[in-house]
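Number of protein chains: 2
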Amino acid sequence: MTRIALVQMQAKAGDVSANLARIAGAARQTAEAGASLLVAPELALTGYGAGDAIARLAEPTDGAMIGALEAIAAQHDIAILAGFPERAGATVYNSAAFVGTVGHATVYRKSHLYGDYERALFAPARPSGVIVEHAGLKFGLLICYDVEFPENVRRLAKAGAQAVLVPTALPAGDHAAFIARQMIAVRAFENQIFLAYANHCGADALFTYAGLSQIAAPDGTMLAGADAVEDTLLIATIDPSAFAGSAAQNTYLRDMRDEL
Amino acid sequence: MTRIALVQMQAKAGDVSANLARIAGAARQTAEAGASLLVAPELALTGYGAGDAIARLAEPTDGAMIGALEAIAAQHDIAILAGFPERAGATVYNSAAFVGTVGHATVYRKSHLYGDYERALFAPARPSGVIVEHAGLKFGLLICYDVEFPENVRRLAKAGAQAVLVPTALPAGDHAAFIARQMIAVRAFENQIFLAYANHCGADALFTYAGLSQIAAPDGTMLAGADAVEDTLLIATIDPSAFAGSAAQNTYLRDMRDEL
Numbered sequence: 001m002t003r004i005a006l007v008q009m010q011a012k013a014g015d016v017s018a019n020l021a022r023i024a025g026a027a028r029q030t031a032e033a034g035a036s037l038l039v040a041p042e043l044a045l046t047g048y049g050a051g052d053a054i055a056r057l058a059e060p061t062d063g064a065m066i067g068a069l070e071a072i073a074a075q076h077d078i079a080i081l082a083g084f085p086e087r088a089g090a091t092v093y094n095s096a097a098f099v100g101t102v103g104h105a106t107v108y109r110k111s112h113l114y115g116d117y118e119r120a121l122f123a124p125a126r127p128s129g130v131i132v133e134h135a136g137l138k139f140g141l142l143i144c145y146d147v148e149f150p151e152n153v154r155r156l157a158k159a160g161a162q163a164v165l166v167p168t169a170l171p172a173g174d175h176a177a178f179i180a181r182q183m184i185a186v187r188a189f190e191n192q193i194f195l196a197y198a199n200h201c202g203a204d205a206l207f208t209y210a211g212l213s214q215i216a217a218p219d220g221t222m223l224a225g226a227d228a229v230e231d232t233l234l235i236a237t238i239d240p241s242a243f244a245g246s247a248a249q250n251t252y253l254r255d256m257r258d259e260l
Numbered sequence: 261m262t263r264i265a266l267v268q269m270q271a272k273a274g275d276v277s278a279n280l281a282r283i284a285g286a287a288r289q290t291a292e293a294g295a296s297l298l299v300a301p302e303l304a305l306t307g308y309g310a311g312d313a314i315a316r317l318a319e320p321t322d323g324a325m326i327g328a329l330e331a332i333a334a335q336h337d338i339a340i341l342a343g344f345p346e347r348a349g350a351t352v353y354n355s356a357a358f359v360g361t362v363g364h365a366t367v368y369r370k371s372h373l374y375g376d377y378e379r380a381l382f383a384p385a386r387p388s389g390v391i392v393e394h395a396g397l398k399f400g401l402l403i404c405y406d407v408e409f410p411e412n413v414r415r416l417a418k419a420g421a422q423a424v425l426v427p428t429a430l431p432a433g434d435h436a437a438f439i440a441r442q443m444i445a446v447r448a449f450e451n452q453i454f455l456a457y458a459n460h461c462g463a464d465a466l467f468t469y470a471g472l473s474q475i476a477a478p479d480g481t482m483l484a485g486a487d488a489v490e491d492t493l494l495i496a497t498i499d500p501s502a503f504a505g506s507a508a509q510n511t512y513l514r515d516m517r518d519e520l
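Protein sequences, first through last, are from chains A and B.
First residue of the first sequence? That's 1 in our numbering, and the numbers climb one at a time after it.
First residue of the second sequence? That's 261 in our numbering, and the numbers climb one at a time after it.
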């Protein structure tokens with residue numbers, strides 16, 4: 001059992017220092033609330049809508065940007081998961097770094113890019129099963145559009161993930177509330193896991209974001225949820241034993257046929 | 261484009277004649293409403309809660325029970341999908357027969373059995389991809405618990421199904437509304453297909469059913485929905501072109517990685 005926090009924030013496109021400062025503030029609040037882990041949105045460090053600046057700002061995991069994130073995590077003795085553009089030679093990935101309590105940063109690279117904007121900026125990674133152990137629990141990592149594919153969450157659940165952490169940048173639009181609320185809850189329920197979905201709010205020059213961040217429980221209920229516009233911190237307790245009743249009735253992972 | 265109907269009914273456990281009569285009434289209403297297809301619940305012909313009588317009542321697809329269903333379909337010039345216990349030698353499957361406009365009956369056998377009750381009565385079939393062409397559209401078939409596994413719906417959508425028809429027997433309980441409403445809508449949305457979920461209502465000696473049958477659209481909206489208790493017929497138009505906007509924005513089948 002541990003408490004986790006999720007920051008729904010308005011990133012400043014292209015301003016890494018400002019975004020690190022916002023995350024540092026959330027990290028302080030996270031520690032003060034007795035939580036051990038903070039989840040920030042997709043590309044939180046540069047802003048999602050930074051456009052061409054993203055390629056210039058991209059850094060390897062051992063660069064200054066993730067170094068600064070590690071320093072914030074160390075200062076508050078918590079773990080942090082935050083999205084950033086990762087440079088790997090000539091390639092740029094849409095990645096998220098988990099830093100703070102597991103030695104070197106663990107990096108997850110987004111496998112399912114959405115739309116022309118992302119495909120122009122990033123290379124897609126092969127679907128992978130990155131799981132981090134933290135506070136005695138197994139956390140799987142995905143980014144945004146990845147979580148909309150049930151196969152990606154299932155792969156992590158089959159590998160033992162008890163919660164999946166999802167930095168995201170879901171734009172406002174016709175289907176945003178359906179995705180952020182109904183689909184995220186179903187992803188949790190159909191695997192009987194927790195799911196933390198950390199979105200941006202506000203707007204930059206290119207996009208308006210949907211907010212609606214949430215932390216969903218294995219029974220499909222919402223443990224904590226933000227509205228569409230607030231810059232805020234959500235906190236919830238991740239305790240699988242509190243949902244043993246739901247797990248006993250909804251035995252998807254046990255009943256799933258090997259052929260699937 | 262075609263109109264389909266879905267009957268939410270209170271089956272009489274063990275009384276095939278009574279259940280055929282109820283389906284005949286629904287078939288008449290279906291034809292009168294200008295619909296071309298009627299979907300009835302899981303094991304609609306015997307009742308889901310018929311217990312030990314199910315093995316005695318089970319028949320092959322060319323038996324009298326499906327013959328009577330074919331006669332009803334022919335009389336009203338519609339297709340009918342209804343659940344029945346299928347005998348195949350010494351084996352009994354939890355099956356559904358699609359009769360009426362495609363020559364011989366097409367049978368789908370449930371692959372994912374739920375709980376001790378079903379496992380005592382039926383053999384599970386291998387997951388399959390049964391698709392029926394009707395009125396120029398491709399309809400995939402599943403039964404009840406099968407649809408709760410995203411893999412089963414995905415398999416049909418990848419094979420070209422534009423709608424999935426699901427006879428079900430969802431009992432009332434803590435998670436029934438979540439499954440019947442939220443999960444069914446997400447299964448439709450994540451594949452951009454229609455989904456018709458036909459449940460029982462009322463109770464028999466063994467179970468109380470949740471009702472809440474619905475026909476979901478590709479954009480996750482509910483085209484028609486029943487409450488928890490009413491014995492009723494739902495009707496909706498299946499017109500993929502009416503949801504081209506949703507399909508253009510939510511390109512899951514196109515974006516899904518081959519590795520998945």
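Note that beta-carbon positions come from the ideal geometry of N, C-alpha and C, so glycine has one too.
Because the structure is a prediction, the values reported are computed rather than measured.
| query | With glycine 471 (chain B) and valine 489 (chain B) assumed to form a contact (beta carbons below 8 Å), what rounded beta-carbon distance in angstroms separates them? | reply | Contact holds; Cβ gap of about 6 Å.
| field | Per-residue contacts from valine 130 (chain A) into chain B (C-beta, under 8 Å) | value | Chain B residues near valine 130 (chain A): none, gap ~15 Å exceeds 8 Å.
| query | Quick one: what's leucine 347 (chain B) bridged to in DSSP? | reply | According to the sequence displayed, residue 347 (chain B) carries arginine and not leucine. Answer by DSSP bridge pairing, in chain order: B:Val352.
| said: Quick check on alanine 380 (chain B): buried or exposed, where buried means 16 or more other Cβ atoms within 10 Å of its Cβ? | reply: exposed
| field | Cutoff 7 Å: alanine 150 (chain A) Cβ touching any chain B Cβ | value | The amino acid at residue 150 (chain A) is misidentified as alanine; the sequence shows proline. It does: the Cβ of proline 150 (chain A) has a partner Cβ on chain B nearer than 7 Å.
| field | Within chain B, partners of arginine 254 (chain A) - CB distance below 7 Å | value | Here the premise fails: no neighbours, minimum Cβ distance about 11 Å.
| request: Could you confirm whether any beta carbon from chain A is found closer than 7 Å to the beta carbon of glutamine 452 (chain B)? | output: Against chain A, the CB of glutamine 452 (chain B) has no partner CB under 7 Å away; the residue lies outside that interface.
| Taking the alpha-carbon positions, what's the glycine 278 (chain B) to lysine 272 (chain B) distance? | Looking at the sequence provided, one finds alanine at residue 278 (chain B) rather than glycine. Their backbone Cα atoms lie some 7 Å apart in a straight line.
| With DSSP run on the structure shown, which of helix, strand or coil describes phenylalanine 454 (chain B)? | Strand at phenylalanine 454 (chain B).
| request: Can you tell me which of the three DSSP states threonine 30 (chain A) falls into? | output: helix
| Between the CA atoms of aspartate 146 (chain A) and glycine 51 (chain A) - distance to the nearest angstrom | Note on geometry: alpha-carbon atoms of glycine 51 (chain A) and aspartate 146 (chain A) lie some 21 Å from one another.
| message | By the DSSP assignment, the beta strand (DSSP E) with leucine 4 (chain A) in it spans what residues? | response | A small fix is needed here, since residue 4 (chain A) is isoleucine in this sequence, not leucine. Start and end: 2 to 8.
| Whole-angstrom Cβ separation of glycine 83 (chain A) and proline 167 (chain A), contact assumed at under 8 Å? | 4 Å
| Given 8 Å, three or more beta-carbon pairs between the stretch 29 to 37 of chain A and the stretch 53 to 60 of chain A | no
| field | Coil, strand or helix - phenylalanine 243 (chain A) by DSSP | value | Three-state result, phenylalanine 243 (chain A): helix.
| What does threonine 219 (chain A) touch in chain B if you count any residue whose Cβ is under 9 Å from its own? | Per the sequence shown, residue 219 (chain A) should be read as aspartate rather than threonine. In chain order: Asp434, His435, Phe438.
| Rounded C-alpha distance that separates glutamine 29 (chain A) from alanine 64 (chain A) | 24 Å
| request: Compare the Cα-Cα distances from valine 499 (chain B) to each of B:Ala284, B:Ala508, B:Val367, B:Leu397 and report the closest residue. | output: Per the sequence presented here, residue 499 (chain B) reads as aspartate, with valine not at that position. Checking every option, the nearest Cα to that of aspartate 499 (chain B) belongs to B:Leu397.
| request: Could you tell me whether any Cβ in chain A is nearer than 7 Å to the Cβ of arginine 517 (chain B)? | output: Yes, its Cβ sits closer than 7 Å to a Cβ of chain A.
| task | Tell whether a beta-carbon distance below 7 Å holds between valine 359 (chain B) and alanine 456 (chain B). | result | The Cβ-Cβ distance between valine 359 (chain B) and alanine 456 (chain B) does not fall below 7 Å.
| Under 7 Å between C-beta atoms, does glutamine 182 (chain A) make it to chain B? | yes
| Nearest residue (CA-CA) to alanine 287 (chain B), options B:Leu466, B:Pro410, B:Leu341, B:Ala437 | It is B:Leu341 whose Cα lies nearest to the Cα of alanine 287 (chain B).
| query | Considering only residues of the same chain and omitting the five flanking positions on each side of arginine 517 (chain B), which have a CB-CB separation below 7 Å? | reply | None.
| message | Is there a Cβ of chain B sitting closer than 7 Å to that of valine 186 (chain A), yes or no? | response | yes
| Under a CB-based cut-off of 7 Å, is leucine 142 (chain A) close to chain B? | Taking Cβ atoms only, chain B never reaches closer than 7 Å to leucine 142 (chain A), which makes this a no.
| Close beta carbons around valine 276 (chain B), own chain, < 7 Å, minus the five adjacent residues each side | Leu305, Thr306, Leu317, Met325
| Is it right to say glycine 115 (chain A) is buried, meaning 16 or more other beta carbons lie within 10 angstroms of its own, or is it exposed? | When all chains shown are included, glycine 115 (chain A) counts as exposed.
| task | Would you mind telling me which residues of chain B sit closer than 8 Å to phenylalanine 207 (chain A), beta carbon to beta carbon, in chain order? | result | At a C-beta separation below 8 Å, phenylalanine 207 (chain A) has no neighbours in chain B, since its nearest C-beta there lies roughly 14 Å away.
| Contact residues within the stretch 361 to 379 of chain B, judged by C-beta distance below 7 Å to chain A | Ser371, His372
| message | Is there a C-beta anywhere in chain B that falls below 7 Å from the one on proline 41 (chain A)? | response | Closer than 7 Å: no.
| task | Could you please give the first and the last residue of the uninterrupted alpha helix (DSSP H) stretch that includes methionine 516 (chain B)? | result | Run containing methionine 516 (chain B): none; DSSP gives neither H nor E here.
| query | Under a three-way DSSP split, which group does alanine 18 (chain A) fall into? | reply | Assigned with DSSP and collapsed to three states, alanine 18 (chain A) falls in helix.
| task | Can you say whether glycine 400 (chain B) is buried or exposed, counting buried as having 16 or more other CB atoms within 10 angstroms of its CB? | result | Under this definition glycine 400 (chain B) is a buried residue.
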